[in-house]
Amino acid sequence: MRSHARIGFILLLTPLVLWLGLLIVIPHIDMFLISIRERISFGVYETSLAQYEKALTEPLYLRTFWRTAVMSVLATAITLVIAFPVSYYIAKMAKGRLQQVLFMLCLIPFYVSELVRTFGWMILLRETGLVSTLLQWAGLADQPVEMLYNDAAMMVGLVYTSMLFMVVPLVTTLESLDDSVIEAGYDLGGNGVSVLREIIIPHAMPGIVSGCIVVFMLSLGNYLTPTMLGGKDSLWFTEMIYNQFIVRSNWELGAAFGFMLLVLSSVIVWGMLRLTGRTLQETMG
Amino acid sequence: MTPDLECTDLVKRFGETTAVDNVSFSVPPGSFFSILGPSGCGKTTIMRMIAGFLDPTSGDIRIKGGSVLDTPPNKRPVNMVFQHLALFPMMTIAENIGYGLRRQKMPKDQIARKVDEALDRIGLPGIGGRKVDELSGGQKQRVAIARCMVLEPDVLLLDEPLGALDLKLREHMKVELKALQAAFDTTFVYITHDQSEALVMSDQIAVMNAGRFEQVGTGQDLYYRPDTPFVAGFIGEANRWKGRIDRVEGKALQMRTDSGLAMQATAAGPMTTGDTAEIFVRPESIRLAASAEALAAFDNQLQGTVTSILFNGAASRVLVQDDVGETLEVTLPQSGEFAALKRGDTVHVGWGAAQATCFKGAA
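Laid out in structure tokens, this is it:
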């Protein structure tokens with residue numbers, strides 16, 4: 310009987326171990342090994358930290374690295390600020406069918422591939438696009454306005470892409486907040502601001518943190534949106550990794566970049582958890 | 014003296030349905046007022062209007078003489094203990110109790126002192142640092158009351174706060190709530206569907222049905238002198254007979270039941286011969302006896318067979334089927350006399366006309 314249970318346990322565990330091992334652990338070990346070698350001449354490699362040194366001393370690389378981090382944090386913050394009232398409305402104010410419809414409306418854009426969605430934004434924002442034409446028609450602009458290829462357009466794209474991943478955890482946690490707790494907050498003399506600060510936000514904290522982590526990771530690792538909507542100056546770190554691997558065939562530097570991105574996201578997520586005094590178990594469980 | 018709380022001609026409609034229909038009442042300072050009614054009768058709606066979460070369709074609510082209709086909930090001098098207490102789970106007990114004081118911008122040291130005082134008062138000193146979910150049901154109850162009472166409201170509203178507790182604790186909390194009310198000397202307005210909660214604690218009880226107040230009075234009034242058939246049926250248990258009035262002499266009357274029995278009863282309102290009527294007799298007002306002679310003093314006497322004994326300790330009942338086939342409930346005395354009573358025994362039952370209340374029937 311015991312051995313049966315043991316075999317069952319092993320069988321259940323196998324897919325997980327295979328998945329983790331083949332797709333995550335082994336490639337990462339390999340990546341790490343690639344990142345710490347230096348090409349001396351054809352087919353001759355030496356272990357060194359030269360790639361990291363290059364990444365950390367070259368201003369373009371470093372600047373892009375920090376810019377990507379800051380912009381991702383900013384995109385996460387903007388997504389939170391926009392998603393919170395939306396989620397509050399869906400979870401607490403909308404009732405019955407309206408609630409379902411609104412939730413579906415958040416979900417429907419994700420039926421379409423990210424590429425098509427991003428093209429949608431390009432159609433709206435380009436020089437001959439809808440917004441530009443409307444502005445000219447309304448007399449607010451006297452010539453076509455180019456709204457693509459800048460940081461603002463990229464930010465719009467990032468926030469739009471991430472919205473659902475913030476709304477879902479927020480709606481779930483806000484729904485679990487008993488209406489009478491909010492009412493009690495008002496009844497005991499609180500106003501909108503104090504009820505939000507002392508009751509609603511502390512209650513929604515697990516949802517806020519998990520939503521922020523997911524959105525931050527998605528933004529940091531996004532490739533399509535910054536490439537398509539961002540301008541010449543809006544270089545994203547993932548683009549640089551792509552360039553090193555595919556365009557320049559410099560796998561060593563690309564692997565080093567990859568590891569820097571992994572460390573960065575780990576540090577920022579850890580910092581976010583520390584800042585809000587939560588543990589990963591609490592947030593994910 | 015100005016009443017602490019006064020509602021006049023309060024009406025609340027939700028679309029087509031009238032949840033509260035022309036209700037007026039006033040609650041004198043320092044008293045315990047209950048609104049008792051079945052679920053869906055509109056009692057919660059009244060409470061939410063007093064607290065300010067709902068606006069009445071018409072009518073006025075005055076607290077200490079001043080209308081509060083234009084005052085938002087966070088500015089009203091009333092506080093509410095919610096059905097599921099609604100303690101703030103993200104805060105400690107002390108933070109919960111201090112929440113309202115923080116809103117009043119009271120200095121920190123003063124808040125801490127007031128919170129400690131409140132915890133002493135509810136008999137839970139030193140638990141301020143604990144989390145809400147570390148407390149038992151009864152403790153949470155007391156914290157929820159303390160959280161309101163530190164604000165010294167003119168009126169404290171309680172929305173079935175004992176509903177979630179188990180029976181033993183509920184019995185205990187009834188006594189404790191009454192004691193807390195006396196200790197804080199504040200007006201309590203309590204809503205419940207549990208008649209025993211209302212009867213034990215209240216100075217005044219309003220019985221509510223379908224959006225209206227059926228009767229307002231003390232527990233004794235409602236129990237002994239119900240104004241309407243609804244009150245007679247809702248407060249305590251009752252055996253009922255429908256029939257037609259034979260004879261009326263002042264308050265005393267005789268009714269012929271639909272099954273053909275003649276019964277002596279007391280009228281609860283003006284009545285004339287030929288009216289359809291209904292008689293209510295409480296199981297505890299019916300005397301059980303082994304022989305007809307022992308019941309000679311009673312106006313109404315019946316003979317019957319025991320069909321069932323419903324044992325429930327002090328509240329045990331006997332179901333007796335009379336000769337015309339109707340079953341009535343009689344309280345089983347616990348004096349030992351009927352210890353041997355069993356199914357199929359023949360018994361005699363009797364009750365006085367004063368204990369039988371007769372209401373004019375609808376049909």
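Here the protein sequences come in this chain order: A and B. Going by the working numbering, the first sequence opens with residue 310, and the numbers climb by one from there. Going by the working numbering, the second sequence opens with residue 14, and the numbers climb by one from there. Backbone N, C-alpha and C fix where the C-beta goes; we use that ideal spot for every residue, glycine too. Since this is a predicted model, take the numbers as computed values, not measurements.
Leaving out the 5 sequence neighbours to the left and right, which residues in its chain are closer than 8 Å to residue i when beta-carbon positions are compared?
i: A:Arg-468; result: As written in the sequence, residue 468 of chain A is Val, which differs from the Arg given in the question. Correct list, in chain order: Ala-384, Ile-387, Thr-388 and Ile-391.
i: B:Ser-304; result: His-361
i: A:Leu-365; result: Leu-371
i: A:Tyr-532; result: Trp-545, Thr-547, Glu-548 and Tyr-551
i: B:Ala-328; result: Thr-344
i: A:Thr-323; result: none
Establish whether the CB of residue i and some CB of chain A are separated by less than 8 Å.
i: B:Ala-376; result: Confidence at B:Ala-376 is low in this model, with a pLDDT of 48, below 50, so the placement of that residue is unreliable and no value is reported for it.
i: B:Phe-101; result: yes
i: B:Ala-125; result: no
i: B:Pro-174; result: no
i: B:Gln-347; result: no
i: B:Met-93; result: yes
i: B:Arg-116; result: yes
i: B:Tyr-203; result: no
i: B:Arg-160; result: yes
i: B:Ala-328; result: no
i: B:Leu-67; result: no
i: B:His-97; result: yes
i: B:Gly-113; result: yes
Look up residue i in the DSSP assignment and say whether it is helix, strand or coil.
i: B:Asn-87; result: helix
i: A:Asn-552; result: helix
i: B:Phe-324; result: coil
i: B:Asn-109; result: helix
i: B:Lys-56; result: helix
i: B:Cys-371; result: strand
i: B:Ser-80; result: strand
i: A:Tyr-532; result: coil
i: B:Thr-7; result: Look at the range of chain B in this structure, 14 to 376, and you will see that residue 7 of chain B is not part of it.
i: B:Val-163; result: coil
i: A:Ser-574; result: helix
i: A:Thr-366; result: helix
i: B:Thr-15; result: coil
With 8 Å set as the bound, which would you pick, yes or no: does the beta-carbon of residue i sit closer than that to a beta-carbon of chain B?
i: A:Gly-498; result: yes
i: A:His-512; result: yes
i: A:Arg-315; result: no
i: A:Tyr-495; result: yes
i: A:Ile-517; result: no
i: A:Ser-485; result: no
i: A:Cys-548; result: A small correction: the amino acid at residue 548 of chain A is Glu; Cys does not occupy that position in the sequence shown. No, no contact with chain B.
i: A:Gly-594; result: Residue confidence is low: A:Gly-594 scores 49 on pLDDT, short of 50, so the model does not pin down where it sits. No coordinate-derived value is stated.
i: A:Glu-355; result: no
i: A:Ile-508; result: yes
i: A:Ser-503; result: yes
i: A:Glu-367; result: no
Note down, in chain order, each residue of its chain lying with its Cβ closer than 6 Å to the Cβ of residue i, except the 5 sequence neighbours on either side.
i: B:Gly-365; result: Phe-311 and Asp-312
By alpha-carbon positions, which one of the options ends up nearest to residue i?
i: A:Phe-393; options: A:Glu-492, A:Leu-479 and A:Asp-542; result: A:Leu-479
i: A:Arg-506; options: B:Asp-34, B:Lys-373 and B:Met-104; result: B:Met-104
i: A:Thr-482; options: A:Ser-471, A:Gly-498 and A:Met-514; result: A:Met-514
i: B:Gly-273; options: B:Ala-353, B:Thr-285 and B:Ile-258; result: B:Ile-258
i: B:Thr-377; options: B:Val-163, B:Gly-317, B:Arg-238 and B:Ala-352; result: For chain B, the structure presents residues 14 to 376; residue 377 of chain B sits outside this window and is missing.
i: A:Ile-509; options: B:Arg-143, B:Thr-199 and B:Pro-102; result: B:Pro-102
i: A:Ser-519; options: A:Val-477, A:Ile-550, A:Val-502 and A:Thr-534; result: A:Val-477
Would you please verify whether the beta carbon of residue i is less than 8 Å from any beta carbon of chain D?
i: A:Ser-489; result: Among the chains of the structure shown, chain D does not appear; the protein chains present are A and B.
What are the start and end residues of the alpha helix (DSSP H) that includes residue i?
i: A:Leu-467; result: 460-484
i: A:Val-518; result: 510-529
i: A:Gln-445; result: 439-446
i: B:Lys-380; result: Given that chain B is displayed from residue 14 to residue 376, the structure contains no residue 380 of chain B and the question cannot be resolved.
i: B:Asp-68; result: Per DSSP, B:Asp-68 belongs to no alpha helix (DSSP H) and is neither H nor E.
i: B:Thr-286; result: Segment: none, B:Thr-286 is in no alpha helix (DSSP H) and carries neither H nor E.
Looking at the secondary structure, which residues open and close the beta strand (DSSP E) in which residue i lies?
i: B:His-361; result: 359-364
i: B:Ser-47; result: 45-49
i: B:Ala-278; result: 275-280
i: B:Arg-143; result: Here B:Arg-143 belongs to no beta strand (DSSP E), and DSSP marks it neither H nor E.
i: B:Arg-225; result: 225-230
i: B:Phe-243; result: No beta strand (DSSP E) holds B:Phe-243; the alpha helix (DSSP H) holding it covers 242-247.
i: A:Tyr-354; result: 353-356
i: B:Lys-255; result: 252-262
By Cβ distance, which residues of its chain are closer than 7 Å to residue i, with the 5 residues on each side in sequence left out?
i: A:Gly-540; result: Tyr-458 and Asn-459
i: A:Trp-560; result: Ile-343 and Phe-554
i: B:Thr-15; result: Lys-77 and Gly-78
i: B:Glu-342; result: Glu-250, Asn-252, Pro-296, Arg-330 and Leu-332
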